[in-house]
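To convert, count from 1 in the sequence shown and add 11; that's my numbering. All C-beta atoms, glycine included, are put in the ideal place defined by N, C-alpha and C. Keep in mind that this is a model prediction, so the values were computed, not measured.
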Amino acid sequence: MKKLDLYIIKKFLGTFFFAIALIISIAIIFDISEQLEDFIQKEAPLKEIIVDYYLNFIPYFINLFSPLFVFISVIFFTSKMAYNSEQIAILTSGVSFRRLMYPYFYSALFLAIFSYTLGNFVIPQANKIRYEFQKRYIWNVAHNDDRNIHKQVAPGTYIYMDSYNAQQKTGYQFTIEKFENGKLTSKLLSEFVVFDSVNGKWQVNNYYIRHLYDNREELVRGTRLDTTLNLRPEEFTRRNEEVEALDYFELNDYIEEQQMKGASKVVVYLVEKYKRMAFPFSTFILTLIGVSVASRKVRGGVGLHIGIGLSISFTYILFMQVSSTFAINGNMNPIIAVWIPNILYLFLGIFLYKKTPK
Numbered sequence: 012m013k014k015l016d017l018y019i020i021k022k023f024l025g026t027f028f029f030a031i032a033l034i035i036s037i038a039i040i041f042d043i044s045e046q047l048e049d050f051i052q053k054e055a056p057l058k059e060i061i062v063d064y065y066l067n068f069i070p071y072f073i074n075l076f077s078p079l080f081v082f083i084s085v086i087f088f089t090s091k092m093a094y095n096s097e098q099i100a101i102l103t104s105g106v107s108f109r110r111l112m113y114p115y116f117y118s119a120l121f122l123a124i125f126s127y128t129l130g131n132f133v134i135p136q137a138n139k140i141r142y143e144f145q146k147r148y149i150w151n152v153a154h155n156d157d158r159n160i161h162k163q164v165a166p167g168t169y170i171y172m173d174s175y176n177a178q179q180k181t182g183y184q185f186t187i188e189k190f191e192n193g194k195l196t197s198k199l200l201s202e203f204v205v206f207d208s209v210n211g212k213w214q215v216n217n218y219y220i221r222h223l224y225d226n227r228e229e230l231v232r233g234t235r236l237d238t239t240l241n242l243r244p245e246e247f248t249r250r251n252e253e254v255e256a257l258d259y260f261e262l263n264d265y266i267e268e269q270q271m272k273g274a275s276k277v278v279v280y281l282v283e284k285y286k287r288m289a290f291p292f293s294t295f296i297l298t299l300i301g302v303s304v305a306s307r308k309v310r311g312g313v314g315l316h317i318g319i320g321l322s323i324s325f326t327y328i329l330f331m332q333v334s335s336t337f338a339i340n341g342n343m344n345p346i347i348a349v350w351i352p353n354i355l356y357l358f359l360g361i362f363l364y365k366k367t368p369k
């Protein structure tokens with residue numbers, strides 16, 4: 012059985028990495044044609060284009076489409092085995108179909124660990140470099156169109172801005188409210204607040220502060236005041252995709268920080284966190300479905316199996332995107348939204364496995 016296991020593992024992994032290499036080559040060609048004008052206009056150095064952008068683009072692309080190519084790889088070489096009656100010979104020699112699944116799941120385990128490591132540790136570091144390149148040569152200047160910004164910057168401390176100008180690092184109609192035991196104790200109101208990059212502090216201008224005591228109020232006015240708010244200008248201009256530049260530990264810390272501040276986009280970060288767990292697990296599910304579908308010897312042969320496989324894998328990816336959108340834009344719990352496709356397709360895999368001729 013060791014020779015058979017190695018044969019299937021070699022076929023599985025070899026087909027997977029060959030398919031990934033092929034599609035990455037095509038993707039890079041298309042991306043070059045799309046970004047070439049930006050590269051020329053902004054005079055991006057060739058070395059930075061290759062090293063900082065495209066070499067760090069590859070791990071992201073591998074992980075993004077790994078579920079699709081796991082499925083296609085299993086479908087392709089398993090259907091060829093079925094078409095050549097190799098599986099029939101293996102099963103008639105006394106090997107059970109369940110035992111035949113072992114090398115598939117050994118390979119799936121390797122790819123799941125590979126995907127988890129890429130998603131949580133390798134890709135975030137690569138994305139840091141890639142995003143810096145994109146900020147310089149591809150993305151437009153950071154801007155922010157949000158209005159009515161509310162954030163919790165410390166326990167019991169809340170800030171409000173009517174609007175924020177990212178280029179000038181200035182917030183307008185600025186307010187700080189402090190609470191103790193659910194009771195408002197002070198409120199600062201200012202026409203505008205500016206971030207001082209030299210000392211790393213927010214400078215409040217034309218302000219007054221109301222201190223509220225049990226039996227009286229105190230009013231303080233001023234023209235300029237430095238504050239040490241737990242707030243960075245980048246938080247107003249962070250693009251949603253930049254969360255992908257945070258590794259596992261950084262992402263957890265960032266989610267905790269944003270939840271404390273009452274950030275409205277925290278669900279985006281939670282979806283990213285749960286996706287990094289759900290995607291590797293999908294490797295096992297899609298392997299189970301792929302083997303169950305491709306093990307049947309049918310008249311259409313490999314072509315029919317690949318057609319079925321592409322349909323199932325694309326619906327899985329589409330389902331994952333739709334459920335994530337419901338979590339971000341709706342009221343669905345992020346962990347449920349991310350894991351629903353895996354749960355449903357797991358039941359589909361079990362059903363197909365039981366129906367497979369053994």
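Nearest-angstrom Cα separation, counted from residue j out to residue i
i, j, result
"Ile-8", "Pro-244", "Lying before the first or after the last residue shown, residue 8 is absent from the chain, which here runs from 12 to 369."
"Ile-134", "Asn-74", "9 Å"
"Gln-184", "Lys-194", "23 Å"
"Arg-158", "Gln-179", "16 Å"
"Lys-212", "Leu-240", "7 Å"
"Tyr-259", "Gly-182", "32 Å"
"Ala-338", "Leu-120", "28 Å"
"Tyr-18", "Ile-69", "28 Å"
"Phe-362", "Thr-128", "30 Å"
Residue i vs residue j beta-carbon contact at 7 Å
i, j, result
"Ser-293", "Asn-344", "no"
"Lys-272", "Lys-162", "yes"
"Leu-297", "Pro-78", "yes"
"Tyr-148", "Asp-264", "no"
"Gly-320", "Ile-86", "yes"
"Ile-94", "Ala-256", "In the sequence as displayed, the identity of residue 94 is Tyr instead of Ile. No. Outside cutoff."
"Phe-88", "Lys-22", "yes"
"Tyr-364", "Ser-306", "no"
"Asp-63", "Phe-144", "yes"
"Val-254", "Tyr-285", "no"
"Phe-116", "Phe-80", "no"
"Ser-118", "Phe-290", "no"
Own chain residues within Cβ distance below 7 Å of residue i, not counting five before or after
i, result
"Ser-197", "Lys-189, Ile-220, Arg-221, His-222 and Leu-223"
"Phe-72", "Ile-35 and Ala-38"
"Phe-203", "Thr-181, Gly-182, Tyr-183, Phe-185 and Asn-216"
Option nearest residue i by Cα separation, candidates the options
i, options, result
"Tyr-65", "Ile-43, Thr-336 and Ser-84", "Ile-43"
"Met-331", "Glu-283, Thr-234 and Leu-240", "Glu-283"
"Phe-295", "Ile-124, Leu-236 and Ile-351", "Ile-124"
"Phe-247", "Ile-300, Ser-174, Arg-235 and Leu-230", "Ser-174"
Own chain partners of residue i with C-beta closer than 8 Å, once the 5 adjacent residues on each side are dropped
i, result
"Thr-336", "none"
"Glu-228", "Arg-221 and His-222"
"Pro-166", "Met-271"
Same chain only: Cβ atoms within 6 Å of residue i, ignoring 5 sequence neighbours per side
i, result
"Ile-187", "Ile-170 and Leu-199"
heavy atom of the ligand ATP below 6 Å from residue i C-beta
i, result
"Ile-339", "Ligands displayed in this structure: none; no statement on the ligand ATP is therefore possible."
task = With a floor of 3 residues, list each beta strand (DSSP E) that falls wholly inside the stretch 186-225, ordered by position along the chain.
result = Within the stretch 186-225, the complete beta strand (DSSP E) segments of 3 residues or longer fall at 194-207 and 212-223, listed in chain order.
Runs of alpha helix (DSSP H) lying entirely within the stretch 280-357, each at least 4 residues, in chain order = You should have 312-340.
request  = Could you pull out every unbroken alpha helix (DSSP H) segment of at least 4 residues lying fully inside the stretch 66-148, listed in chain order?
outcome  = The qualifying runs are 66-75, 77-94, 97-103, 108-111, 113-128 and 134-148.
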